[in-house]
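Asks: Each residue of the sequence shown is one higher than the one before, counting from 130 in my numbering.
We treat Cβ as the ideally placed atom computed from N, Cα and C, and that holds for glycine.
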Amino acid sequence: MKQKKLLMVTPWLRFVRKAKEEGFYFIALWDKRTKGNIFLPEIAKLADELYVFDVNNFDRLESMIESIHTREPLDYIYHLGLEENMLQTYAIAEKYGCAINSSQAISVLNDKYRMRTLLQAHGISTVRFQLVEKLQAVPQMGEEFGFPLVLKPTQLSGSRGVCLCHHQEDVRRWMELMETYQHEGPFLMEEYLHGPEVSVETVTVEGQHHVIGITDKIKTPPPLFVEVGHIHPSQLPMEQQAQIREMVVRFLTAADYRFGPAHTELILTPEGPKIVESQARLGGDRIPKLVHLSTGIELESAIFKGIKGIHPPASTMNGVAMIKYFQWKPGTIQNIEGIDAVQELPYVVHIECTLRPGDVVPEIRDSASRYGYMIVLAKSYEEAIEQIDTAMSMIRVTFEEQA
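1) From what residue to what residue does the alpha helix (DSSP H) around Asn-239 run?
2) So Ala-83 is in the beta strand (DSSP E); what residue range does that whole segment cover?
3) Suppose you measure from the CA of Tyr-207 to the CA of Ser-407; what does that come to, to the nearest Å?
4) Rounding to the nearest angstrom, what Cα-Cα distance links Pro-268 and Arg-301 in this structure?
5) Quick check on the DSSP output: the beta strand (DSSP E) that includes Val-184 runs from which residue to which?
6) Report the residue from His-296, Pro-315, Tyr-242 and Cys-292 whose alpha carbon sits nearest the alpha carbon of Ile-404.
7) Of the residues Ile-514, Glu-171 and Phe-528, which one's Cα is nearest the Cα of Ser-522?
8) Pick helix, strand or coil for Trp-159, following the three-state DSSP scheme.
9) Give the straight-line distance between the Cα atoms of Arg-379 and Arg-410, rounded to the nearest whole angstrom.
10) Taking Pro-390 as part of the alpha helix (DSSP H), name the residues at either end of that continuous run.
11) What residue from Gly-226, Tyr-219, Tyr-225 and Lys-418 has the CA that sits closest to Gln-233's CA?
12) By alpha-carbon positions, which one of Gly-412, Leu-397, Leu-395 and Thr-344 ends up nearest to Ser-423?
13) So the candidates are Ile-341, Phe-316, Lys-437 and Arg-415; which of them puts its Cα closest to the Cα of Ile-426?
14) According to DSSP, is Gly-358 part of a helix, a strand, or is it coil?
15) How would you write the range of the alpha helix (DSSP H) that Asp-469 sits in, first residue to last?
16) Residue range of the beta strand (DSSP E) that Thr-309 falls in?
17) Which residue wins for smallest C-alpha separation from Phe-168, given the options Thr-139, Asn-464, Ile-156 and Val-377?
18) Would you decide whether Ile-356 is buried or exposed? Buried here means 16 or more other CB atoms lie within 10 Å of its CB.
19) On the premise that Pro-202 lies in contact with His-339, defined as a C-beta separation below 8 Å, what is that separation, rounded to the nearest angstrom?
20) I'd like to confirm the pairing. Which residues does DSSP put opposite Ile-504 in its beta bridges?
21) By a C-beta neighbour count over all protein chains shown, 10 Å radius and 16 as the cutoff for buried, is His-392 buried or exposed?
22) Pick from Val-332, Glu-335, Leu-293 and Gln-456: whose alpha carbon is nearest that of Ile-493?
23) Let's see if you can read the secondary structure: which residues bound the alpha helix (DSSP H) around Ser-423?
24) Find out if the Cβ-Cβ distance for the pair Glu-326, Val-256 is shorter than 7 Å.
25) Let me know the secondary structure DSSP gives Ala-228 once reduced to three states.
26) Buried or exposed: Pro-282, going by 16 or more other Cβ atoms within 10 Å of its Cβ?
27) Quick check: what's the CA-CA separation for Ala-157 versus Tyr-500?
28) Using the three-state DSSP reduction, which class does Phe-547 fall into: helix, strand or coil?
29) When DSSP labels each residue in this structure, what does Phe-316 get in the three-state scheme?
30) Please find out if some non-hydrogen atom of the ligand MN comes closer than 6 Å to the beta-carbon of Lys-174.
31) Should the segment 430–437 be called in touch with the segment 463–482, which here means at least 3 C-beta pairs below 8 Å?
32) Identify, in the order they occur along the chain, each residue of the same chain with its Cβ nearer than 7 Å to the Cβ of Thr-483, setting aside the five sequence neighbours on each side.
33) Go ahead and pull the three-state DSSP assignment for Ile-172.
34) Between the C-alpha atoms of Ile-416 and Ala-497, what's the straight-line distance to the nearest angstrom?
35) Quick one: what's got a C-beta closer than 6 Å to Tyr-454's C-beta in the same chain, skipping five residues either side?
36) Cα separation between Lys-133 and Lys-147?
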């Protein structure tokens, strides 16, 4: 049987591995500017073809894909990486008849305003919202919308720019943050939704949406709501979980999402669950690792099996997996002790820290500013909390004295 040819734009190394395990002829288009260039040598070994260039030059991206497709037709063009060039990749895939999803479906999942508009049209998880095209228009429109309100860029990810504002002074500080991101808009203005937050991890195959599980979130307090921990599976009552699952399936069906993973976030308000946002990719923050540990389902493998029409397996509950990010006080680090000892604990799956003596602990204002985490696997939720607290207490950070 002839190998199916799969081209992916900016594929992570683990995706290349899983695609090759499933027998695809794999072509990787890699962005020369990405921070992930450390993985290029390994990708080059695994991929059948590798091209490195500025993939955000969309004319160049299309001409490269056209050249490859003309030489020998591709079966699939796929994207599971950063949203900044995902939609353009799907538009090109449609043009050459190799799309796994429509660009329309991808735009609905990845663009917060398009998602809100779709949900409102279908009467799913409706909330009050307003689109703001330009940064400088936010103060006046915020006054008209009414406080408190939540501001968020429609197309940024990783908790960047999501902020609760109670008054104009909060808006002013948020605008300063947006200037550091060099982001001018558009933005979404939404009513403030109160309640705990979860994410739903799904894999869709041939239009059938498989809810793999629900993940509980731990977030920093307002105004920024940065994710600093996740627990899988969710500890919510089963009746509430069923309501969440049904809502996410309705949303993905309304979006006409036909294939692949989706990571959909919801807030559990007193009026019921409300969808916050979604992305046409796997969840970040090592959530796929938590899912694999607790259910036995390897999401990356499920994706590439799904391209071949194979649906995900049933889960086998193996316990409760939890990730927790470090939240140290500000200051210049003098020494870090205890990480090696923590790694030896039988219930600690992984621990990672990017800071070293002499580094300054940054303020956590989005996912990119976090600097380390640990993952544990326990028999129960209570045991996971106890284990992570014990392990965290073993890490001792001393700081340089201020002159």
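Replies: A quick look at the data gives this:
1) Sequence index remark: in the sequence shown, residue 239 carries index 110 (1-based). Note, Asn-239: alpha helix (DSSP H), 232–239.
2) Residue numbering for the chain in the displayed model covers 130 to 532; residue 83 lies beyond these limits and cannot be assessed.
3) Stepping through the sequence shown from its first residue, residue 207 is reached at position 78. Stepping through the sequence shown from its first residue, residue 407 is reached at position 278. Cα to Cα, Tyr-207 sits roughly 18 Å from Ser-407.
4) On the sequence shown, position 139 is the one that residue 268 refers to. On the sequence shown, position 172 is the one that residue 301 refers to. C-alpha separation (whole angstroms): 8 Å.
5) Residue numbering aside, residue 184 sits at position 55 when the sequence shown is read from its first letter. It is not in any beta strand (DSSP E) - Val-184 carries neither H nor E in the DSSP assignment.
6) For the purposes of this step, residue 404 is taken as residue 275 along the sequence shown, with counting starting at 1. Of the candidates His-296, Pro-315, Tyr-242 and Cys-292, the one whose C-alpha sits nearest the C-alpha of Ile-404 is Tyr-242.
7) Within the sequence shown, numbered from 1, the residue matching residue 522 stands at position 393. The residue with the shortest Cα to Cα distance from Ser-522 is Ile-514.
8) Residue 159 sits at position 30 when you count from the first residue of the sequence shown. Strand, per DSSP.
9) The sequence position of residue 379 within the sequence shown is 250, counting from 1. The sequence position of residue 410 within the sequence shown is 281, counting from 1. So the two alpha carbons sit approximately 18 Å from each other.
10) Counting from 1 along the sequence shown, the entry for residue 390 is found at position 261. Not the alpha helix (DSSP H): Pro-390 falls in the beta strand (DSSP E), residues 389–398.
11) Counting from 1 along the sequence shown, the entry for residue 233 is found at position 104. It is Tyr-219.
12) Taking the first residue of the sequence shown as 1, we reach residue 423 at position 294. The shortest Cα separation from Ser-423 among Gly-412, Leu-397, Leu-395 and Thr-344 belongs to Thr-344.
13) Here residue 426 refers to the residue found at position 297 of the sequence shown. Of the listed residues, the one whose Cα sits closest to Ile-426 is Ile-341.
14) For this step, residue 358 is matched to residue 229 along the sequence shown. Looking at Gly-358 - three-state DSSP - the assignment turns out to be strand.
15) For the purposes of this step, residue 469 is identified with residue 340 of the sequence shown, where counting begins at 1. From DSSP, the alpha helix (DSSP H) with Asp-469 extends over 468–472.
16) Along the sequence shown, read from residue 1 onward, the residue named residue 309 stands at position 180. Looking at the DSSP string, Thr-309 is not in any beta strand (DSSP E); the run it does join, the alpha helix (DSSP H), is 297–310.
17) Here residue 168 corresponds to residue number 39 of the sequence shown, with the count starting at 1. Taking only the C-alpha atoms, the option nearest Phe-168 is Thr-139.
18) Translated into the one-based positions of the sequence shown, residue 356 becomes position 227. The sequence shown places Glu at residue 356, rather than the Ile named in the question. By the neighbour-count rule (16 or more Cβ atoms within 10 Å), Glu-356 is buried.
19) Stepping through the sequence shown from its first residue, residue 339 is reached at position 210. Stepping through the sequence shown from its first residue, residue 202 is reached at position 73. About 30 Å; that fails the 8 Å criterion.
20) On the sequence shown, residue 504 is found 375 positions in, with the first residue counted as 1. According to DSSP, which records beta bridges pairwise, Ile-504 is partnered with Ile-452 and His-479.
21) For the purposes of this step, residue 392 is identified with residue 263 of the sequence shown, where counting begins at 1. Buried: at least 16 other Cβ atoms inside 10 Å.
22) As a first step, residue 493 is located in the sequence shown; it is residue number 364 there, counting from the start. It is Gln-456.
23) The residue labelled residue 423 in the question sits at position 294 within the sequence shown. Ser-423 -> alpha helix (DSSP H) spans 416–424.
24) In the sequence shown, counting from the first residue as 1, residue 326 sits at position 197. In the sequence shown, counting from the first residue as 1, residue 256 sits at position 127. No, these two residues do not count as a Cβ contact at 7 Å.
25) To locate residue 228, count along the sequence shown from 1; it is residue 99. Ala-228 falls in the strand class under three-state DSSP.
26) The sequence position of residue 282 within the sequence shown is 153, counting from 1. Classification for Pro-282: buried.
27) Residue mapping note: residue 157 aligns to position 28 of the sequence shown, counting from 1. Residue mapping note: residue 500 aligns to position 371 of the sequence shown, counting from 1. Rounded to whole angstroms, Ala-157 to Tyr-500 spans 29 Å at the Cα level.
28) Missing from the structure shown is residue 547; the chain here goes from 130 to 532 and no further.
29) For the purposes of this step, residue 316 is taken as the residue at position 187 of the sequence shown. In this structure, Phe-316 counts as strand in the three-state DSSP scheme.
30) In the structure shown, the ligand MN is absent, as is every other ligand, since no ligand is present at all.
31) no
32) As a working note, residue 483 is residue 354 in the sequence shown. The answer, listed in chain order, is Tyr-500 and Gly-501.
33) Position 43 of the sequence shown holds residue 172. Residue state, collapsed to three classes: helix.
34) Taking the sequence shown and counting its residues from 1, one reaches residue 416 at position 287. Taking the sequence shown and counting its residues from 1, one reaches residue 497 at position 368. Near 16 Å, if we compare the C-alpha coordinates of Ala-497 and Ile-416.
35) Locating residue 454 in the sequence shown gives position 325, where the first residue counts as 1. Here the set comprises Val-357, Arg-499 and Tyr-502.
36) As a position in the sequence shown, residue 133 is number 4, starting the count at 1. As a position in the sequence shown, residue 147 is number 18, starting the count at 1. Going by the C-alpha atoms only, they are around 14 Å apart.
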